[in-house]
Amino acid sequence: MIATRNSMLAQLFPAVLALVGTAATFAATAAPARAADANAYYSVTLAAPVAKPAKLMLGDVLWNCAGDTCSAGQDTARPVVVCTKLAAKVGQVNRFATPKGELAAEDMARCNTPKG
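Heads up: the sequence shown is residues 203 to 318, going by my numbering.
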């Protein structure tokens, strides 16, 4: 009887390990999406809210927009260039900030000037 129980446990152990590993992997891959906004380099306030939450890929940077705010990791371009790219996709930007501070008024005007 004890040998049968040990045999069953020996067979279940790999399955339990696989299940725990799958759950841990899922948690690890889902967590960065939530943490990305908390650690965002750019913080943006839009003039008008987006219709629904959106993820935009602009260059090599993934933007997360919801309501009247957007955030993203750092791009290699100058902030005014990054702002201009975003404004072209989502509309007028009221505030564009990095950890170094907000864009100056003249840069904000360039950001919101349609290219064409």
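Positions of the beta carbon are idealized from the N, C-alpha and C atoms, including for glycine.
Residue ranges of uninterrupted alpha helix (DSSP H) with 4 or more members, entirely inside the region 281-312 and ordered along the chain, are 281-292. Its Cα nearest to that of residue 288, the residue 313 stands out among 255, 313 and 253. Of the other Cβ atoms in all chains shown, fewer than 16 fall within 10 Å of the Cβ of residue 278; this residue is therefore exposed. Judged by beta-carbon spacing, residue 298 lies within the 8 Å limit of residue 244, meaning their Cβ atoms are closer than that value. Residue 317 and residue 241 have their C-alpha atoms spaced approximately 30 Å apart.
Between the C-alpha atoms of residue 269 and residue 282 there is a straight-line separation of about 22 Å.
As a beta-bridge residue in DSSP terms, residue 256 pairs with 267. Exposure of residue 253 is indicated by the presence of fewer than 16 other C-beta atoms within 10 angstroms of its C-beta. Under the three-state reduction of DSSP output, residue 243 falls in the coil class, being neither helix nor strand.
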